[in-house]
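Our numbering applies: residue 5 is where the sequence shown begins, and numbers increase by one.
We put the beta carbon where it would ideally sit given N, CA and C, even for glycine.
Since the structure comes first, as structure tokens, the remarks are kept for the end.
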Amino acid sequence: MTDIVIVASAFGAAQVLEQGHHAYVPLAASVGAAGFEVRRELLPAGLDGTVSADVLAALGRLMAAYGLWAVYSTPATLYSHDGTLDAVAIRSALAEAQTLGARIVKFQLGGFAGDASPEALAQLLQGWRARVLVENGQQAVGGSLSQFRGLFAALEEAGVADMLGMTFDVGNWEWAGETPLACAQALAPYVEYIHCKSVAGEGARRFAVAPAGNDARFAAVLAALPGDVPRGIEFPFNAVDPAADAHQHVMWLKAA
């Protein structure tokens, strides 16, 4: 069956910041998840902005003890706003993911432009244990279908397409003004992880919600994407009984 990953923020960003990721690892394991997504922005950081290697390593050992594999999510972008590779941020995030023992490390795209060198990106990504994926973001820059088409076309042309895969965030496309189904049909060959959520509200008041069981649009997007890649739960669980809600959605997404 499809592996289901629980994104730490589904338990509430404020709660994870206060209690730490480690407080939610046993719960994620108990409701049937196969993986747990660690959010870099919700980890304790020092005055210099770095995350302690000891904290990452201990969290990785705890997850392994509970039979969970790790996704490491970083807000770092592959490309800076001017279209140049952000090599320092990339190396730093990859090192953190390796310390955690992550199977997947997930980046944002940033300001990729068509003339960026795919060979230089591929060289930066070589030699690391975690599989590197890039996620569509909520802004037009880093969240447009044309950018992702251009990125993967450039990687294909350079013969280095195997160096990078995609995290397809269903809800984020709507924030960026794109149609999720059209994006799924165009990018399915590159998708290796799916962030599952729907969007409610309008404009700046949009927020993530659980997809309804009868949501035909969400079902069509899932059907257009690979069925054997992990699916991540990123929508918030019911705060009254998060364990029951998490279990229900894990079971649903395994079979969806």
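Beta carbon of R221 nearer than 9 Å to that of A190: The residue you call residue 221 lines up with position 217 of the sequence shown. The residue you call residue 190 lines up with position 186 of the sequence shown. Contact flag unset, no.
Closer than 7 Å by C-beta to Y194: which residues in its own chain qualify, once you throw out the five before and the five after it? Chain order, please. In the sequence shown, residue 194 corresponds to position 190, counting from 1. Answer for Y194: F156, G169, M170, listed in chain order.
Taking 9 Å as the threshold (C-beta atoms), are V11 and H199 in contact? The sequence position of residue 199 within the sequence shown is 195, counting from 1. The sequence position of residue 11 within the sequence shown is 7, counting from 1. Yes, Cβ-Cβ distance for H199 and V11 is below 9 Å.
Quiz item: So, is S150 buried or exposed, given that buried needs 16 or more other C-beta atoms within 10 angstroms?
Solution: Position 146 of the sequence shown, counted from the first residue, corresponds to residue 150. Under this definition S150 is an exposed residue.
Whose C-beta lies closer than 8 Å to the C-beta of S56 among residues of the same chain, with five residues either side of it excluded? Position 52 of the sequence shown, counted from the start, is the residue given in the question as residue 56. Hits under 8 Å: P48, G50.
**Cut-off 6 Å between Cβ atoms - residues of its own chain near V203, not counting five sequence neighbours on either side** = Reading the sequence shown from its first residue, position 199 is the one you call residue 203. So the list reads G175, E178, R210, once near-sequence residues are dropped.
Nearest candidate by alpha-carbon position, reference A134, set Y70, E161, V75: To locate residue 134, count along the sequence shown from 1; it is residue 130. Among Y70, E161, V75, the Cα nearest to that of A134 belongs to V75.
Report all residues from its chain with a CB closer than 7 Å to the CB of F15; omit the five preceding and five following residues, and keep chain order. Residue mapping note: residue 15 aligns to position 11 of the sequence shown, counting from 1. Result list for F15: Y28, F241, P246, in chain order.
Checklist line | Helix, strand or coil at D173 [DSSP, three-state] | finding: Translated into positions along the sequence shown, residue 173 becomes position 169. D173: strand per DSSP, three-state reduction.
Could you give the residue range of the beta strand (DSSP E) that holds W73?
-> By one-based count along the sequence shown, residue 73 stands at place 69. Per DSSP, W73 belongs to the beta strand (DSSP E) from 73–83.
Residue interval of the alpha helix (DSSP H) (run including L128): As a working note, residue 128 is residue 124 in the sequence shown. Counting along the chain, the alpha helix (DSSP H) containing L128 begins and ends at 122–129.
Practice prompt. Report yes or no: do the region 71–88 and the region 35–43 share at least 3 C-beta pairs separated by less than 8 Å?
Written response: yes
Please identify the residue among V92, L129, P184 whose C-alpha is closest to the C-alpha of L229.
Stepping through the sequence shown from its first residue, residue 229 is reached at position 225. Here the closest residue by C-alpha is P184.
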